[in-house]
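Please read the structure below before turning to the comments.
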Amino acid sequence: MALTRNQVEHVAKLARLSLTDQEKVAFTEQLSRILEHVESLNRLETADVPPTYHAVALQNVLREDKPHTSLDRAKVLSQAPEAEEGCFKVPKITEG
Amino acid sequence: MATQWETVVGLEVHVELATETKVWCSCKNQFGAEPNTHVCPVCLALPGALPVLNAQALEFAVKAGLALNCEIQHHSKFDRKNYFYPDSPMNYQISQLDLPFCYDGYVEITRKDGSTKRIGIKRIHLENDAGKLLHAGDDVAEADSSLVDFNRAGVPLIEIVTEPDIRSAEEAGLFLNKLRSIIKYCGVSDVKMEEGSMRCDVNVSVRPVGQAEYGIRSELKNVNSFSAAMRGIEYEAKRHIEILEKGGTIDQETRSWRDAKGVSVVLRSKEDAEDYRYFPEPDLPPVVLSDETIEEIRSTLPELPDTIMHRLMNEFGLSAYDASIIVSEKEFAEWFGQAVELAGQANAKAVANWQINEINRVMNEKGLRPDQIPVSPEQIAGMLKLIEAGTITGKIAKTVFEKMIESGKDAETIVKEEGLTQVADEGELLKIALEIVAANPGPVEDWKSGKQAAAQWFVGQMMKATRGRANPQLAMKLVTEALRKHTGQA
Amino acid sequence: MSGVTHKLSATRLNRLFLAGELSAVEIAEAFLNRIQAVDPQVRAFLTISADTAMERARKLDARRRGGDTEIGSLAGVPIAVKDNISTDGTRTTCGSKILGEYVPPYDATVVERLRASGAIIIGKTNMDEFAMGSSGENSAFFPTRNPWDLERIPGGSSSGSAVAVAAEEVPLSLGSDTGGSIRQPAALTGIVGMKPTYGYVSRYGLVAFASSLDQIGPFGRDVEDVARLFEVIAGSDRRDATNAGRTPPAIKLTGEPSLKGARLGVPKEYFAEGIDSEVKARIEEAIVQLRDLGAEVEECSLPHTEYALSAYYLIAPAEASANLARFDGVRYGYRTPDYNGLLEMYGKTRAEGFGPEVKRRIMIGTYALSSGYYDAYYKKAQQIRTLVMRDFEQVFEQFDALITPTSPVPAWKLGEKTDDPLAMYLADVCTIPVNLAGLPGLSVPCGLANGLPVGLQLIGKHFDDARLLQYAWAYQRATKHHEARPSLGTEGGR
Chain A
1 MALTRNQVEH
11 VAKLARLSLT
21 DQEKVAFTEQ
31 LSRILEHVES
41 LNRLETADVP
51 PTYHAVALQN
61 VLREDKPHTS
71 LDRAKVLSQA
81 PEAEEGCFKV
91 PKITEG
Chain B
1001 MATQWETVVG
1011 LEVHVELATE
1021 TKVWCSCKNQ
1031 FGAEPNTHVC
1041 PVCLALPGAL
1051 PVLNAQALEF
1061 AVKAGLALNC
1071 EIQHHSKFDR
1081 KNYFYPDSPM
1091 NYQISQLDLP
1101 FCYDGYVEIT
1111 RKDGSTKRIG
1121 IKRIHLENDA
1131 GKLLHAGDDV
1141 AEADSSLVDF
1151 NRAGVPLIEI
1161 VTEPDIRSAE
1171 EAGLFLNKLR
1181 SIIKYCGVSD
1191 VKMEEGSMRC
1201 DVNVSVRPVG
1211 QAEYGIRSEL
1221 KNVNSFSAAM
1231 RGIEYEAKRH
1241 IEILEKGGTI
1251 DQETRSWRDA
1261 KGVSVVLRSK
1271 EDAEDYRYFP
1281 EPDLPPVVLS
1291 DETIEEIRST
1301 LPELPDTIMH
1311 RLMNEFGLSA
1321 YDASIIVSEK
1331 EFAEWFGQAV
1341 ELAGQANAKA
1351 VANWQINEIN
1361 RVMNEKGLRP
1371 DQIPVSPEQI
1381 AGMLKLIEAG
1391 TITGKIAKTV
1401 FEKMIESGKD
1411 AETIVKEEGL
1421 TQVADEGELL
1431 KIALEIVAAN
1441 PGPVEDWKSG
1451 KQAAAQWFVG
1461 QMMKATRGRA
1471 NPQLAMKLVT
1481 EALRKHTGQA
Chain C
2001 MSGVTHKLSA
2011 TRLNRLFLAG
2021 ELSAVEIAEA
2031 FLNRIQAVDP
2041 QVRAFLTISA
2051 DTAMERARKL
2061 DARRRGGDTE
2071 IGSLAGVPIA
2081 VKDNISTDGT
2091 RTTCGSKILG
2101 EYVPPYDATV
2111 VERLRASGAI
2121 IIGKTNMDEF
2131 AMGSSGENSA
2141 FFPTRNPWDL
2151 ERIPGGSSSG
2161 SAVAVAAEEV
2171 PLSLGSDTGG
2181 SIRQPAALTG
2191 IVGMKPTYGY
2201 VSRYGLVAFA
2211 SSLDQIGPFG
2221 RDVEDVARLF
2231 EVIAGSDRRD
2241 ATNAGRTPPA
2251 IKLTGEPSLK
2261 GARLGVPKEY
2271 FAEGIDSEVK
2281 ARIEEAIVQL
2291 RDLGAEVEEC
2301 SLPHTEYALS
2311 AYYLIAPAEA
2321 SANLARFDGV
2331 RYGYRTPDYN
2341 GLLEMYGKTR
2351 AEGFGPEVKR
2361 RIMIGTYALS
2371 SGYYDAYYKK
2381 AQQIRTLVMR
2391 DFEQVFEQFD
2401 ALITPTSPVP
2411 AWKLGEKTDD
2421 PLAMYLADVC
2431 TIPVNLAGLP
2441 GLSVPCGLAN
2451 GLPVGLQLIG
2461 KHFDDARLLQ
2471 YAWAYQRATK
2481 HHEARPSLGT
2491 EGGR
């Protein structure tokens, strides 16, 4: 199935990727080809096949409600692109 | 004829669970710490960190569901809900899409007239809270930048989703209060609105009375108190009706409630609705709950408000409404139970009256929390015993009560110190009665002409003269005697 | 001794160290010298931790001199770690610009285990960005080269970890395998590489690509070394909820090599179109050798194999699209210098920070999960996954293990497939089904095709990793293919 440029732009927006025009053109073509290849899956009837989300079946893997030592704040904030008053700083929040 | 409109409300209530640690990691779940001091690779979403479910959070979620009369899912899983926001470290939330832990429950609300109604609980799922954004201005949209504190990121949350069964702001208020009370009884959350441990989103629509289909709804976000929820519902319902009566149509949209201004504003329209791209969480295996496990959790439930309420009605003859107020707070019910035990079952109604009227009034005036009841069960029981023994009158009791609150002393001490004992000395009281009768010829004439009410007036004067300390029955007897003497009718 | 130290196996180095015949400092120096000599040609390392490695070596020497004999099964053994495994205090880039300067404040569980076993972490290795790639060319920094032919790719995504071992820069390394990222570069560089059963090795601290497929595993030049490293890293970890909590049984690699009683299946679908004739010939020779060792080898069928690749290229990108959402310029890593508002900051940071292949996969994954397409793509792929797993379950009723080529082709030329993502994806056709089913897989050298290494893949049942190692060991002992080494040395490049 072929993807339109509009779809590529919509997906890029969902993924928070500012693509260049060139990338949009390339991705429209490449993703369409990949999706075409993937179309082969439709040859298989799977209505009665349950999906597998975990390759090795486990259940109820739980943790005790006991606290551990948290990380040193200075160490954590040293990795932040921008920090202030013990917090991570982000630019003006504009709605998507 | 003008259309009669019906308001339809559904709520999504988020409750933070009172676990020791966060839901996916072992950082402390604690309100009010220095920013970014309760963080680790997991709740900061550092590259490579993985979530592991807190067993206590799971138990609390199920416990809340059982308390809200829900069915419990035997086989559940977690899903990723994808959206970018700076307070969300992973930029997805681990939540539950199609297999929430609890479903199909209800909460019974009691209206003022004693009638009850069930509000359906559609589902309860477990997820993580986000961090906190701090803005320079009072509003995200207006601030130039924001600061992020991730202490709250990863705190366990349950989201309780109701059926659209609520029909008014008042019902919403009753529901929220009842819900809060049940959650608190179970001990799964401290449900403090002011600390944000309970928050809600409100879905409102209207329809002509008698119409089966629901109207188009709008969703209100940023509702930070029960009263804000009620105001928001009234505002939205009115806004919808106005639009519809002008022949307009409602847009399905998400709106933000600005409580200070009492208005809602558009946050996003349906077209801009987020595409959350849910998919099963690969980092967390499914959760399987056996009947045995569920029953084990059920056995840890305390007596819940509905049960206590019916017991209060049956054992003590309280009205449904009075009982519902007493059980509305766990601390109230406990206080009531202790006071009745001390004062004796015969005084149960009196305890309820004092609690609902006087104590509640004082607490409202002083803005006290339920855990700050200003008089102890011992104090109130002591006072009721003095009334029962005839030591003080009901009227004096009000004075004693005020003094108890002021001084914290017990009733007996106050009565002694203030000389508030009931005057039962016949000779002394007769003397006072004769003086009053002699000084009031007018009312005496009234009495002589057969107006029995005049005797009551003299009793009132007696109470006034003794500052309420006269035994009312004795006062009546002596007033009558004095009047007869005075008019020679002996 | 120092002239040949870098040629010694981990097993040997550990023995010499514990016996006091080689100090950890001597060992570390020998390998750092070797790295200095050959890494400019192959470029396996992104970070070389010479100082911390030497400091660690001195401490190990002190402990040994103090009479400590419980230092561990990797004591004194230098090891390289793929750069998507978190190392406290050492830059962990994932081969990406977006994490170019990121220094983690914590160790992955496997790194803790390495330290506890006495290993000396000598550096972090190059890789395809976020483990997305089959050639090593998707590193944001530089491509790693195949020591057998420096004009060729070494395979990927664990390109640096494979080459570091193949070029004798370290005896052991750790990689990660999501669709073949350990086994394929092991095959293409002529070494042994193993993807353990999903859930055997903790993923805590492995920067996630596709969470339900990723698994950390060992590289070595022989099966003994790989088994030794596997025993160190495998086991229970409560910080990874997908960890099975199992400790592997002791792996015995002694005595006469024999495969008597072993029932081996050869799935015919793995020899379909696209397989190089020389590769096919080497596998056929291997089958003969395995029979000579006493194994019963028979053809079998995994009918859904042709669909596995498509399912993988939906599942892995979908999971990745969420896993990589955390790289947003807020808490760590790269942030675009120039932005107006949050949305622009997000969009530009991610567009500038990620390379083309990563963006491509985020796009596919986001699309496959988006409203209206989930059932047709993501869910469908997970249903196909069930069918692929059932195929394996069925053949494992008859066979103890399966044998296939690891890669249908030997190493190709740098740049040959970079313009054709789909052709690149097809290189993983033999390894991907194993990840979808969570099975253990191992690649062992089985000869050369026109002077380039070919790998034989063994596939086992869940948690039957020890058996694969035993079979591979027997094969290796009988054939000695693993002893072939590229002619790379201090003589310089070509």
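Residue numbers (my numbering), protein chains in the order written: chain A, 1 to 96; chain B, 1001 to 1490; chain C, 2001 to 2494. Backbone N, C-alpha and C define an ideal beta-carbon position, used for all residues, glycine too. A quick note: this is a predicted structure, and the numbers were derived from the prediction, not measured.
For residue i versus residue j, is the C-beta spacing smaller than 7 Å?
i, j, result
"E2285(C)", "M2132(C)", "no"
"R1123(B)", "V1062(B)", "no"
"A1045(B)", "R2326(C)", "yes"
"V1437(B)", "L1483(B)", "yes"
"S1181(B)", "P1370(B)", "no"
Determine the DSSP secondary structure at residue i, reduced to helix, strand or coil.
i, result
"E2491(C)", "With a pLDDT of only 45 at E2491(C), under 50, the local geometry of the prediction cannot be trusted, and the value read off the model is given with reservation. E2491(C): coil per DSSP, three-state reduction."
"S2277(C)", "helix"
"W1257(B)", "strand"
"N2146(C)", "strand"
"L2174(C)", "strand"
"Q2457(C)", "strand"
"Q22(A)", "helix"
"E2169(C)", "coil"
"R2152(C)", "strand"
"E82(A)", "coil"
"T1240(B)", "In the sequence as displayed, the identity of residue 1240(B) is His instead of Thr. It is helical."
"S2161(C)", "helix"
"I1387(B)", "helix"
"K1349(B)", "helix"
What separation, rounded to the nearest whole angstrom, lies between the Cα atoms of residue i and residue j?
i, j, result
"L1434(B)", "V1479(B)", "8 Å"
"V1340(B)", "M1463(B)", "30 Å"
"I1216(B)", "I1121(B)", "21 Å"
"V1015(B)", "K2097(C)", "40 Å"
"E36(A)", "Y2373(C)", "14 Å"
"I2085(C)", "N2126(C)", "12 Å"
"F2219(C)", "G2274(C)", "27 Å"
"I1392(B)", "M1309(B)", "31 Å"
"M1476(B)", "A1465(B)", "14 Å"
"G1408(B)", "M1363(B)", "15 Å"
"S2073(C)", "V56(A)", "29 Å"
"A1518(B)", "K1077(B)", "A query on residue 1518(B) cannot be resolved here, the shown segment of chain B reaching from 1001 to 1490 and no further."
"A2368(C)", "P50(A)", "18 Å"
"E2491(C)", "R2485(C)", "Residue placement at E2491(C) is flagged as unreliable, the pLDDT there being 45, under the threshold of 50; the coordinate-derived value follows with that caveat. Going by the C-alpha atoms only, they are around 15 Å apart."
"V1107(B)", "I1325(B)", "16 Å"
Compute the minimum distance between the beta carbon of residue i and the heavy atoms of the ligand COA, and state whether it is under 6 Å.
i, result
"K1431(B)", "In the structure on display, the ligand COA does not appear, and there are no ligands present to speak of."
Taking any Cβ of chain B, which residues in the stretch 2082-2097 of chain C have a Cβ under 9 Å from it, in chain order? N2084, I2085, S2086, T2092 and C2094
Could you please tell me which residues of the stretch 1019-1030 of chain B, in chain order, have their CB closer than 7 Å to any CB of chain A? T1019, E1020, T1021, S1026, C1027 and K1028
Which residues, taken in chain order from the stretch 2192-2212 of chain C, show a beta carbon closer than 9 Å to some beta carbon of chain B? S2202, R2203, Y2204, G2205, L2206, V2207, A2208, A2210, S2211 and S2212
Residues of the stretch 2442-2464 of chain C with Cβ closer than 7 Å to any Cβ of chain A, in chain order: H2462
Whether or not the stretch 2017-2029 of chain C and the stretch 2173-2185 of chain C are in contact is what I'm after, with contact meaning three or more pairs of Cβ atoms, one per stretch, closer than 8 Å; do they touch? no
Could you tell me whether the stretch 2257-2271 of chain C touches the stretch 2296-2310 of chain C, using the rule of 3 or more Cβ pairs below 8 Å? yes
For the stretch 1247-1279 of chain B, enumerate the residues whose C-beta is nearer than 9 Å to any C-beta of chain A, in chain order. L1267, R1268, D1272, E1274, D1275, R1277 and F1279
Contact between the stretch 2316-2324 of chain C and the stretch 2443-2454 of chain C: three or more CB pairs below 8 Å? no
Three-pair Cβ contact test at 8 Å for the stretch 1287-1305 of chain B versus the stretch 2381-2390 of chain C: no
Below 8 Å, can you find three or more Cβ-Cβ pairs linking the stretch 1313-1331 of chain B to the stretch 1108-1122 of chain B? yes
Which residues of the stretch 1350-1379 of chain B have a Cβ closer than 8 Å to any Cβ of chain A? Give them in chain order. none
Take every Cβ of the stretch 2308-2318 of chain C, pair it with every Cβ of the stretch 1018-1037 of chain B, and state whether three or more of those distances are shorter than 8 Å. no
I'd like to know if the stretch 1363-1379 of chain B and the stretch 1400-1414 of chain B are in contact, where contact means that at least 3 CB-CB pairs between them fall below 8 Å. yes
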